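Visitor: Protein chains in written order, with the working numbering: chain A, 5 to 569; chain B, 47 to 222; chain C, 9 to 260.
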Amino acid sequence: MNLEELEQIAVTEREAREKVRHEVRVCMAAGCLSCQSQGVKDALTAEVKNRGLEETHKVKGVGCMGLCSEGPLVATSEKQMYKHVASADAAALVNSLDGEPVKRLDCPTDVPFFQRQKKIVLENSGVIDPERIEDYIAEGGYRAIVNALSDMMPQEVISEITTSGLRGRGGAGYPTGLKWSTVSRADGNPKYVICNADEGDPGAFMDRSVLESDPHRVLEGMLIAAYAVGASEGFIYVRAEYPLAIKRLKTAIRQAERLGLLGTNICGTRFSFRIDLRLGAGAFVCGEETALIASVEGKRGTPRPRPPYPAMSGLFGQPTLINNVETYANVPPIIRNGGAWYAEIGTEKSKGTKVFALAGRIENTGLVEVPMGITLRDIVYDIGGGIPEGRKFKAVQTGGPSGGCLPADCLDMPVDYESLAKAGSIMGSGGMIIMDESSCMVDVAKYFMDFCMTESCGKCVPCRVGTYQMHRILSAITNLTATEPDLKMLEELCDLLKNTSLCGLGQSAPNPVVSTLKSFAEEYRAHIHDKKCAAGVCGAHENGGDEKSKPEEKNEARELSEVGA
Amino acid sequence: MKKRLATVWLDGCSGCHMSFLDLDERLIEVAEKADLVYSPLVDIKEFPGDVDVALVEGAVSSEEDLHKIQMIRRKVKTLVSLGDCSVTANVPGMRNAFGVKAVCDRAYTENVTLNPGTPAQVIPRLLPYARPIHEVVNVDVFIPGCPPSADTIYYALTELLEGRQPELSAKTRFGA
Amino acid sequence: MSPTNVVKPGTKPVQPASNVKTLQIDGKDFSARPEETILDVARQNKIFIPRLCELEGLSDVGACRLCLVEVKGSNKLLPACVTRVYEGMEVTTNSPRLAAYRRMIIELLFTERNHICSVCVSNGHCDLQWMAQKLGLTHVHFPYRYPKANVDASHERFVIDHNRCILCTRCVRVCDEIEGAHVWDVMGRGIDAKVVTDLNEAWGNSETCTSCGKCVHVCPTGALSEKGHAVAEMEKRRHFLPYLTMMRESQE
Numbered sequence: 005m006n007l008e009e010l011e012q013i014a015v016t017e018r019e020a021r022e023k024v025r026h027e028v029r030v031c032m033a034a035g036c037l038s039c040q041s042q043g044v045k046d047a048l049t050a051e052v053k054n055r056g057l058e059e060t061h062k063v064k065g066v067g068c069m070g071l072c073s074e075g076p077l078v079a080t081s082e083k084q085m086y087k088h089v090a091s092a093d094a095a096a097l098v099n100s101l102d103g104e105p106v107k108r109l110d111c112p113t114d115v116p117f118f119q120r121q122k123k124i125v126l127e128n129s130g131v132i133d134p135e136r137i138e139d140y141i142a143e144g145g146y147r148a149i150v151n152a153l154s155d156m157m158p159q160e161v162i163s164e165i166t167t168s169g170l171r172g173r174g175g176a177g178y179p180t181g182l183k184w185s186t187v188s189r190a191d192g193n194p195k196y197v198i199c200n201a202d203e204g205d206p207g208a209f210m211d212r213s214v215l216e217s218d219p220h221r222v223l224e225g226m227l228i229a230a231y232a233v234g235a236s237e238g239f240i241y242v243r244a245e246y247p248l249a250i251k252r253l254k255t256a257i258r259q260a261e262r263l264g265l266l267g268t269n270i271c272g273t274r275f276s277f278r279i280d281l282r283l284g285a286g287a288f289v290c291g292e293e294t295a296l297i298a299s300v301e302g303k304r305g306t307p308r309p310r311p312p313y314p315a316m317s318g319l320f321g322q323p324t325l326i327n328n329v330e331t332y333a334n335v336p337p338i339i340r341n342g343g344a345w346y347a348e349i350g351t352e353k354s355k356g357t358k359v360f361a362l363a364g365r366i367e368n369t370g371l372v373e374v375p376m377g378i379t380l381r382d383i384v385y386d387i388g389g390g391i392p393e394g395r396k397f398k399a400v401q402t403g404g405p406s407g408g409c410l411p412a413d414c415l416d417m418p419v420d421y422e423s424l425a426k427a428g429s430i431m432g433s434g435g436m437i438i439m440d441e442s443s444c445m446v447d448v449a450k451y452f453m454d455f456c457m458t459e460s461c462g463k464c465v466p467c468r469v470g471t472y473q474m475h476r477i478l479s480a481i482t483n484l485t486a487t488e489p490d491l492k493m494l495e496e497l498c499d500l501l502k503n504t505s506l507c508g509l510g511q512s513a514p515n516p517v518v519s520t521l522k523s524f525a526e527e528y529r530a531h532i533h534d535k536k537c538a539a540g541v542c543g544a545h546e547n548g549g550d551e552k553s554k555p556e557e558k559n560e561a562r563e564l565s566e567v568g569a
Numbered sequence: 047m048k049k050r051l052a053t054v055w056l057d058g059c060s061g062c063h064m065s066f067l068d069l070d071e072r073l074i075e076v077a078e079k080a081d082l083v084y085s086p087l088v089d090i091k092e093f094p095g096d097v098d099v100a101l102v103e104g105a106v107s108s109e110e111d112l113h114k115i116q117m118i119r120r121k122v123k124t125l126v127s128l129g130d131c132s133v134t135a136n137v138p139g140m141r142n143a144f145g146v147k148a149v150c151d152r153a154y155t156e157n158v159t160l161n162p163g164t165p166a167q168v169i170p171r172l173l174p175y176a177r178p179i180h181e182v183v184n185v186d187v188f189i190p191g192c193p194p195s196a197d198t199i200y201y202a203l204t205e206l207l208e209g210r211q212p213e214l215s216a217k218t219r220f221g222a
Numbered sequence: 009m010s011p012t013n014v015v016k017p018g019t020k021p022v023q024p025a026s027n028v029k030t031l032q033i034d035g036k037d038f039s040a041r042p043e044e045t046i047l048d049v050a051r052q053n054k055i056f057i058p059r060l061c062e063l064e065g066l067s068d069v070g071a072c073r074l075c076l077v078e079v080k081g082s083n084k085l086l087p088a089c090v091t092r093v094y095e096g097m098e099v100t101t102n103s104p105r106l107a108a109y110r111r112m113i114i115e116l117l118f119t120e121r122n123h124i125c126s127v128c129v130s131n132g133h134c135d136l137q138w139m140a141q142k143l144g145l146t147h148v149h150f151p152y153r154y155p156k157a158n159v160d161a162s163h164e165r166f167v168i169d170h171n172r173c174i175l176c177t178r179c180v181r182v183c184d185e186i187e188g189a190h191v192w193d194v195m196g197r198g199i200d201a202k203v204v205t206d207l208n209e210a211w212g213n214s215e216t217c218t219s220c221g222k223c224v225h226v227c228p229t230g231a232l233s234e235k236g237h238a239v240a241e242m243e244k245r246r247h248f249l250p251y252l253t254m255m256r257e258s259q260e
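(1) Can you give me the C-alpha to C-alpha distance between C:Glu243 and A:Arg476, rounded to a whole angstrom?
(2) Which chain A residues sit within Cβ distance under 9 Å of C:Pro87?
(3) Per DSSP, B:Ala52 is paired with what?
(4) Have a look at C:Arg121, C:Pro104, C:Asn131 and C:Pro151 and flag the residue whose alpha-carbon is nearest the alpha-carbon of C:Gly144.
(5) Short of 9 Å Cβ to Cβ, which residues in the stretch 69 to 84 of chain C face chain A?
(6) Where A:Pro314 and C:Thr253 are concerned, what is the direct C-alpha to C-alpha distance, given to the nearest angstrom?
(7) At 7 Å on the CB atoms, spell out the chain C contacts of B:Arg219, in chain order.
(8) Got a sec? Which residues, its chain only, sit under 8 Å from A:Ile349 by beta carbon, not counting five neighbours each side?
(9) Looking at the structure shown, is A:His26 part of a helix, part of a strand, or coil, going by DSSP?
(10) Quick check: the stretch 56 to 66 of chain C against the stretch 74 to 91 of chain C, are at least 3 beta-carbon pairs closer than 8 Å?
(11) Which residue's Cα is closest to the Cα of A:Glu74: A:Ser213, A:Pro206, A:Ala95 and A:Leu371?
(12) Are the C-beta atoms of C:Ala201 and some chain A residue less than 8 Å apart?
(13) Starting from the C-beta of A:Ser523, find all residues in its chain whose C-beta is less than 6 Å away, skip the five residues before and the five after it, and write them out in chain order.
(14) Indicate whether A:Gly403 and A:Ile430 have their beta-carbon atoms separated by less than 8 Å.
(15) When the distance is taken between beta carbons, is C:Thr91 closer than 8 Å to C:Ile46?
(16) Threshold first: 4 residues or longer. Then list the alpha helix (DSSP H) segments lying entirely within the stretch 416 to 476 of chain A, N to C.
(17) Is it buried or exposed, C:Val159, if we count other Cβ atoms within 10 angstroms and call 16 or more buried?
(18) Going by C-alpha to C-alpha distance, which of C:Gly96, C:Arg165 and C:Thr177 sits closest to C:Asn213?
(19) Rounded to whole angstroms, how far is the Cβ of A:Val359 from the Cβ of A:Met210, which I believe are closer than 8 Å?
(20) So with CB distances below 8 Å, who are the chain C contacts of B:Cys192?
(21) Taking the continuous beta strand (DSSP E) assigned at A:Gly330, which residues delimit it?
(22) State yes or no: is the C-beta of B:Phe93 within less than 8 Å of the C-beta of B:Lys121?
(23) With a threshold of 8 Å between beta carbons, is A:Glu245 in contact with chain C?
(24) DSSP three-state call for B:His113: helix, strand or coil?
(25) Using a Cβ-Cβ cut-off of 8 Å, state whether B:Leu214 counts as contacting chain C.
(26) Between the Cα of C:Arg3 and those of C:Val93, C:Val127 and C:Ala107, spot the shortest distance and give me the residue it belongs to.
(27) Quick test of the definition: if touching needs 3 or more C-beta pairs under 8 Å, does the stretch 100 to 120 of chain B touch the stretch 172 to 184 of chain B?
(28) Compare the Cα-Cα distances from A:Val115 to each of A:Ile383, A:Pro489 and A:Gly407 and report the closest residue.
(29) In whole angstroms, what is the alpha-carbon distance linking A:Gly361 and A:Glu527?
(30) Under 8 Å between beta-carbons, which chain A residues line up against C:Ile113? List them in chain order, please.
(31) Identify whether A:Gly510 lies in helix, strand or coil by the three-state DSSP scheme.
(32) On the premise that A:Thr504 lies in contact with C:Ile113, defined as a C-beta separation below 8 Å, what is that separation, rounded to the nearest angstrom?
(33) Does the Cβ-Cβ distance between B:Gly104 and B:Pro193 come in under 8 Å?
(34) Just confirm the distance between the C-beta atoms of B:Ser132 and B:Leu214, as a whole number of angstroms; I'd bet it's less than 8 Å.
(35) Which class does C:Met195 belong to by DSSP, given the choice of helix, strand or coil?
(36) I think B:Ala176 touches B:Ser127, with their Cβ atoms under 8 Å apart; what is that distance to the nearest whole Å?
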């Protein structure tokens, strides 16, 4: 495979496209599939076939179009999208192709949700068929790696990434160029490249969508990384809960191997690289890099102290580059367009775009890609369409269980790594859960603590027992049985876990509590002193909104209240 | 002015009180500094007011214990958790993992042939958990040990009667 | 900074002849080999750093977090057992903040399972009990959890009482690294984690256990004990471990 051959595939694909007068794109990502988009696609295909229009009309399954709450989504042209499409609508849609649009299904595209996005990572999502490599190549795919192999030294690749200012999209925001250069300089052979696709934050589905909609982009990113750092073997650690992503990745790897874009002596060079999948069994902590590496090695997925960092001693003790799905997905366009191009987008310290998954009390739930530095207000009100049912915005939780809850006075803050950290949250992997006045912030904090407690690996004491104790106190607060000393104990534990836990899970587990204590202290006080929950979530029911806690824990909480401890 | 001293026996084996009695001749010395105004060792039924130091042995296990310790806390300046049962719930706490019903069934039904059944009257009802005292009321001084040695009790008591705060971690420990 | 480390402007720093790192621990100067950890240096020089999961002769996992120390220039606390020394390192092994964290960690361990010292075979010979006293703990201010934990007495000679286990994984490591049998491992997550023999089979049915008893003797508490011991009678013997490790290394 060389550039000419790649170009030939692209040309052939584009010619085939030109023969088609109408391309009907049906979303085949998890969100729309779960509301029967497969049936819609089948119905459309049958309709086209029945009318004998197969030559000019093409029904194509594509990846995520973003507005998941309105699915199944169908696009008949760049400007015309339809929402909530059912199989029964197939005839009407095919009729509309050479006539008037179907008004009742119309999904306007000239709205901020689509207009204000800037798509780099998601440029092909909803456009190409994720199961066809030719479609990816036609959009300029694999050009970056083929170019890099023929025209760039590994060092030049790294310096482009450094110039781009790209930072890790998994959450911590470590400069990607620096990481690559550390691995490339590390002694040891072989070296490994790992893609962290163990997306586990509640409400986050960015990586899943990228893998389901544009898997080749991730493979190409890993290829470029492997070439840059001198690795010959790579692993994608993807959670088993993402069967569709796994299926599409497998297909993509097979296709890339068939074209000689993966395997030995890629493009006739001495560069060889193969990629294997490793399926995670559902432990959140395996998203932590050292735990992930242990899991790939076939060991129990528990983190170990760093240093040594994986860049020096990672998989099987060898230098290992480990990046997140979205980070790799940013790499091909950076190499294609240059680091300087990428660095123009975003803020001074946070470059490029970020994909966010909007969830919770917001009009437009779904996936958006926005330039760094955009304000939370723009995301929530403009792109997200605001809070439904005329309710009031209360908080936005970013960064999942490791992040924090940001109140309304943070709405005008720019979304970048530093600002979010300063406000007491983190960028995280990109989950954004919006809450309105019907949410109780103590209950929210308890929800995340429950998550951390369940997902703690149990290796270090502060995380294993501390999350349990914190959850116990938060349960008592939401049962309206807690007292002032409980609150003091909660604060002590926040400090302990942050400073003494072994890995990021434990160190950041207090964040939802710390951030809500900071911004919504009066809610905690109302629960403890006045035995009141303004949102009406806590204590109202027999279970106190605490269905999951064990019966004896409830007794304990009740008994504590009786004795006024 | 002599200090007013009390000792209290909640859910424990009375071993701590035995250890207290092991002060032997030093008891006289204590008696010179303090009056024993309430104790299972003396015949006073009502817990008096204005007690300076109260040594409390035993965990809070029953409704009676709970009532007692709350009342005592109100009347005592310095409340001392004496021994592992009051500090950690110790042996009385061993039932906590099993629940009151299982424990009562074992004691009053399964191994009993004459009138089996958990008594509903006379005996105070058990709380769901036997607890250390400080989980129920504020405690000022902790003397762990099962039982704390007479020397430890003597040291703690003389310090307290002199108005000083004893430093106990060097003298005793859990299970000592 | 010690006077020997002060370099006058314009002069080249004098390179030490051998590969020796000098560092300060609690204000005193020490020298160490670069592969040594803070704990190694502390141990050689009789500086006490609390720890429960660490045991000389076994690999270090940094799990109990008791040996966290302050290192100048690092905004994080570092586990002494796995942190290598470097030139000019300044370590503080004890401070009010560290003492408070260590006490809380010990307290959390006491609340986690049912540790009842007075009826324990290891009473008086227990690392957890000893450490609690050493760190000045007279009571546990976090509420106890009172879980229902099992006792497995199916082995002919040994017993495991999960009520007393602190999940230090010394048994797991000694069995894997020294005995080479890997009978022990950890199952479950978070607060539900527990050590198991084979694939959670009863210990007495284990086909891999060689009944060597190393796990029993490295266990810091009364969780693992030999049968036939009453309260306070179980004393652990651990001198064999560094010796075995040394012999193993000299053979390699």
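Just so it is clear, CB atoms sit at the ideal spot from N, CA and C, and this is done for glycine as well.
Owing to the predicted nature of the structure, the values given are computational and were not obtained by experimental measurement.
Guide: Reading off the structure:
(1) Start at 1 with the first residue of the third sequence, and residue 243 of chain C comes out as number 235. Start at 1 with the first residue of the first sequence, and residue 476 of chain A comes out as number 472. In a straight line, the C-alpha of C:Glu243 is about 36 Å away from that of A:Arg476.
(2) Reading the third sequence from its first residue, position 79 is the one you call residue 87 of chain C. Within 9 Å of the CB of C:Pro87, the CB atoms of chain A belong to Pro309 and Leu506, in sequence order along the chain.
(3) Residue numbering aside, residue 52 of chain B sits at position 6 when the second sequence is read from its first letter. In DSSP, B:Ala52 forms a bridge with B:Tyr84 and B:Ala100.
(4) As a first step, residue 144 of chain C is located in the third sequence; it is residue number 136 there, counting from the start. Of C:Arg121, C:Pro104, C:Asn131 and C:Pro151, the residue nearest in Cα terms is C:Pro104.
(5) Val69, Gly70, Ala71, Cys72, Arg73, Leu74, Leu76 and Lys84
(6) As a first step, residue 314 of chain A must be located in the first sequence, where it is residue number 310. As a first step, residue 253 of chain C must be located in the third sequence, where it is residue number 245. Those two C-alpha atoms are separated by around 27 Å.
(7) If you number the second sequence from 1, residue 219 of chain B lands on position 173. Residues of chain C passing the Cβ test: Gln137, Ala140 and Gln141.
(8) By 1-based counting over the first sequence, the position of residue 349 of chain A is 345. These residues qualify, in order along the chain: Lys122, Ile124, Lys355, Gly356, Thr357, Pro375 and Met376.
(9) What you label residue 26 of chain A is simply residue 22 of the first sequence in a count that begins at 1. The answer is strand: DSSP assigns A:His26 an E or B state.
(10) yes
(11) Along the first sequence, read from residue 1 onward, the residue named residue 74 of chain A stands at position 70. Just measuring C-alpha positions, the residue of A:Ser213, A:Pro206, A:Ala95 and A:Leu371 sitting nearest A:Glu74 is A:Leu371.
(12) Against the third sequence, residue 201 of chain C aligns to sequence position 193. For C:Ala201, the answer is yes, since a Cβ of chain A falls inside 8 Å of its Cβ.
(13) The residue labelled residue 523 of chain A in the question sits at position 519 within the first sequence. These residues qualify, in order along the chain: Pro411.
(14) Your numbering for residue 403 of chain A matches position 399 in the first sequence. Your numbering for residue 430 of chain A matches position 426 in the first sequence. Yes; because the gap between Cβ atoms is below 8 Å, this pair is in contact.
(15) For the purposes of this step, residue 46 of chain C is identified with residue 38 of the third sequence, where counting begins at 1. For the purposes of this step, residue 91 of chain C is identified with residue 83 of the third sequence, where counting begins at 1. Yes, the Cβ-Cβ distance between C:Ile46 and C:Thr91 is below 8 Å.
(16) 421 to 426 and 445 to 459
(17) Here residue 159 of chain C refers to the residue found at position 151 when the third sequence is read from its first residue. Counting Cβ neighbours within 10 Å, C:Val159 comes out exposed, since fewer than 16 surround it.
(18) On the third sequence, position 205 is the one that residue 213 of chain C refers to. Taking only the C-alpha atoms, the option nearest C:Asn213 is C:Arg165.
(19) As a first step, residue 359 of chain A is located in the first sequence; it is residue number 355 there, counting from the start. As a first step, residue 210 of chain A is located in the first sequence; it is residue number 206 there, counting from the start. So it is a contact: roughly 4 Å between Cβ atoms.
(20) For the purposes of this step, residue 192 of chain B is taken as residue 146 along the second sequence, with counting starting at 1. What B:Cys192 touches in chain C: Cys125 and Ser126.
(21) Within the first sequence, the letter at position 326 stands for residue 330 of chain A. For the sequence presented, residue 330 of chain A should be read as Glu rather than Gly. Run containing A:Glu330: none in the beta strand (DSSP E); it sits in the alpha helix (DSSP H), Val329 to Asn341.
(22) The count along the second sequence starts at 1 and reaches residue 93 of chain B at position 47. The count along the second sequence starts at 1 and reaches residue 121 of chain B at position 75. Against a cut-off of 8 Å, the Cβ pair of B:Lys121 and B:Phe93 comes out as a contact.
(23) In the first sequence, counting from the first residue as 1, residue 245 of chain A sits at position 241. It does not: the Cβ of A:Glu245 has no partner Cβ on chain C nearer than 8 Å.
(24) By one-based count along the second sequence, residue 113 of chain B stands at place 67. Here B:His113 sits in helix by DSSP.
(25) Here residue 214 of chain B refers to the residue found at position 168 when the second sequence is read from its first residue. It does; some Cβ of chain C falls within 8 Å.
(26) The shown model of chain C, from 9 to 260, leaves out residue 3 of chain C, and the question about it has no answer.
(27) Between the stretch 100 to 120 of chain B and the stretch 172 to 184 of chain B, the count of C-beta pairs closer than 8 Å reaches three or more; the two stretches touch.
(28) Counting from one through the first sequence, the residue named residue 115 of chain A turns up at place 111. Of A:Ile383, A:Pro489 and A:Gly407, the residue nearest in Cα terms is A:Ile383.
(29) Taking the first sequence and counting its residues from 1, the one referred to as residue 361 of chain A is at position 357. Taking the first sequence and counting its residues from 1, the one referred to as residue 527 of chain A is at position 523. First, the amino acid is wrong: residue 361 of chain A is Ala here, not Gly. A:Ala361 and A:Glu527: Cα-Cα distance of roughly 27 Å.
(30) Along the third sequence, read from residue 1 onward, the residue named residue 113 of chain C stands at position 105. Simply Val465, Pro466, Leu500 and Thr504.
(31) Against the first sequence, residue 510 of chain A aligns to sequence position 506. Note: A:Gly510 maps to helix in three-state DSSP.
(32) Sequence index remark: in the third sequence, residue 113 of chain C carries index 105 (1-based). Sequence index remark: in the first sequence, residue 504 of chain A carries index 500 (1-based). So it is a contact: roughly 7 Å between Cβ atoms.
(33) Sequence index remark: in the second sequence, residue 104 of chain B carries index 58 (1-based). Sequence index remark: in the second sequence, residue 193 of chain B carries index 147 (1-based). Against a cut-off of 8 Å, the Cβ pair of B:Pro193 and B:Gly104 comes out as no contact.
(34) In the second sequence, residue 132 of chain B corresponds to position 86, counting from 1. In the second sequence, residue 214 of chain B corresponds to position 168, counting from 1. No, B:Ser132 and B:Leu214 are not in contact; Cβ-Cβ is about 13 Å, not under 8 Å.
(35) Here residue 195 of chain C refers to the residue found at position 187 when the third sequence is read from its first residue. Looking at C:Met195 - three-state DSSP - the assignment turns out to be strand.
(36) Translated into the one-based positions of the second sequence, residue 176 of chain B becomes position 130. Translated into the one-based positions of the second sequence, residue 127 of chain B becomes position 81. Between B:Ser127 and B:Ala176 the Cβ distance is about 14 Å, and since that is not below 8 Å, they are no contact.
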